[in-house]
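Data first, discussion second: the structure below is written as structure tokens.
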Amino acid sequence: MLHILSDQAQSFLTTYFFVGIGLTGVSFFSGWFKKSYDGPLKQAWGIAERLKTEKQSLEAKVAQIRQEYQYQARQIEQYKAQAEAYAAQIKTLETRYLNLETRYEHLAADYHTIQENYAASQSHCQNLEFDLRDLSAKLENADYDNEQLRQAYQAQEQELVAQTTAHQQLQESYRLLEAEQVTLNAQWQSTKIEYEALQANYQELQETITEIQGIYQQTRIEITDLEKRVTKILADNDQLLADNLWREERLRKLRFWEWLMGGCNNYVPRSKSLLTFYVGMPLQAWWSNLVNLA
Numbered sequence: 389m390l391h392i393l394s395d396q397a398q399s400f401l402t403t404y405f406f407v408g409i410g411l412t413g414v415s416f417f418s419g420w421f422k423k424s425y426d427g428p429l430k431q432a433w434g435i436a437e438r439l440k441t442e443k444q445s446l447e448a449k450v451a452q453i454r455q456e457y458q459y460q461a462r463q464i465e466q467y468k469a470q471a472e473a474y475a476a477q478i479k480t481l482e483t484r485y486l487n488l489e490t491r492y493e494h495l496a497a498d499y500h501t502i503q504e505n506y507a508a509s510q511s512h513c514q515n516l517e518f519d520l521r522d523l524s525a526k527l528e529n530a531d532y533d534n535e536q537l538r539q540a541y542q543a544q545e546q547e548l549v550a551q552t553t554a555h556q557q558l559q560e561s562y563r564l565l566e567a568e569q570v571t572l573n574a575q576w577q578s579t580k581i582e583y584e585a586l587q588a589n590y591q592e593l594q595e596t597i598t599e600i601q602g603i604y605q606q607t608r609i610e611i612t613d614l615e616k617r618v619t620k621i622l623a624d625n626d627q628l629l630a631d632n633l634w635r636e637e638r639l640r641k642l643r644f645w646e647w648l649m650g651g652c653n654n655y656v657p658r659s660k661s662l663l664t665f666y667v668g669m670p671l672q673a674w675w676s677n678l679v680n681l682a
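According to the working numbering, numbering within the sequence shown proceeds without interruption in unit steps and concludes at 682.
The following block contains the structure:
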């Protein structure tokens, strides 16, 4: 009887011993794996949060730079439109300038011609007056009925009147031409000043456009660089999320064993308590049975 009970107790003890050792090992490795996963997981979530904050900061910066980029693009378009308007004005002024210059040259030629005609007309009038005085003297010395001389005098007098009228008209044309020349010269000078001012404004505007285009290109480079950084952060974040999900899945499985073992946070005390529960208590019961049987 004692031998049978001893065999049953030994079998029971062996079974409990190996079950206890197995469960203790599972608990030990469960705790070890939990500890090895828990720390990196918390660290990874911290990195993920930091990356998320950095991503939001970079996205805000990208949005701000994009606004500046769009503003610069609009500014360049406005300046280009203004430059085109200046170019059109300059073209118009160039045409005006050339037309005025041509008119001025023609006017100078006409002025020169009228000067020559005026001098010739004045000389002709003086000759006619001299001839008229000469005929008048001859008429005074000649007989009264000298019809031929009288007719010559009348013809000469008529020619002098006609030449004097023509000379006066020529003098009026000369005066008008002088006035037109003064007006044209003033317009020419005014157009020249306006043309030079527009050229200076156009040049300054071209320099401004070049400067803004440089800033525009630099902003484009900054946006491209920031977008690359955001893309890299997103890729790193996706990888971290995948790693965290994998760790969480492992922890979820380990928590089942933790629940099964009824363990505590630290795996060493849990291993000791399990060893006491699964090995120490059966040994104590078996020893008590032996004592009672004896």
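For each residue, glycine too, the CB sits at the ideal point set by N, CA and C.
CB contact flag (residue i, residue j, <7 Å)
{"i": "residue 446", "j": "residue 608", "result": "no"}
{"i": "residue 586", "j": "residue 464", "result": "no"}
{"i": "residue 506", "j": "residue 558", "result": "yes"}
{"i": "residue 597", "j": "residue 561", "result": "no"}
{"i": "residue 610", "j": "residue 453", "result": "yes"}
{"i": "residue 460", "j": "residue 604", "result": "yes"}
{"i": "residue 606", "j": "residue 495", "result": "no"}
{"i": "residue 593", "j": "residue 471", "result": "yes"}
{"i": "residue 450", "j": "residue 614", "result": "yes"}
{"i": "residue 500", "j": "residue 551", "result": "no"}
Exposure label - residue i; buried when at least 16 CB within 10 Å
{"i": "residue 367", "result": "Residue 367 falls outside the range modelled here, since the chain spans only 389 to 682, and no answer is possible."}
{"i": "residue 581", "result": "exposed"}
{"i": "residue 509", "result": "buried"}
{"i": "residue 473", "result": "exposed"}
{"i": "residue 660", "result": "Only weak support is given to the placement of residue 660: the predicted model assigns it a pLDDT of 44, under 50, and the question is left unresolved by the model."}
Where residue i sits in the DSSP three-state scheme
{"i": "residue 560", "result": "helix"}
heavy atom of the ligand SAH below 6 Å from residue i C-beta
{"i": "residue 613", "result": "With respect to small molecules bound, the structure shown includes none, and the ligand SAH cannot be examined in it."}
Unbroken alpha helix (DSSP H) runs of length 4 or more, entirely within the segment 439-465: which are they?
none
Which runs of the alpha helix (DSSP H) spanning at least 4 residues fall entirely within the segment 466-495, listed in chain order?
none
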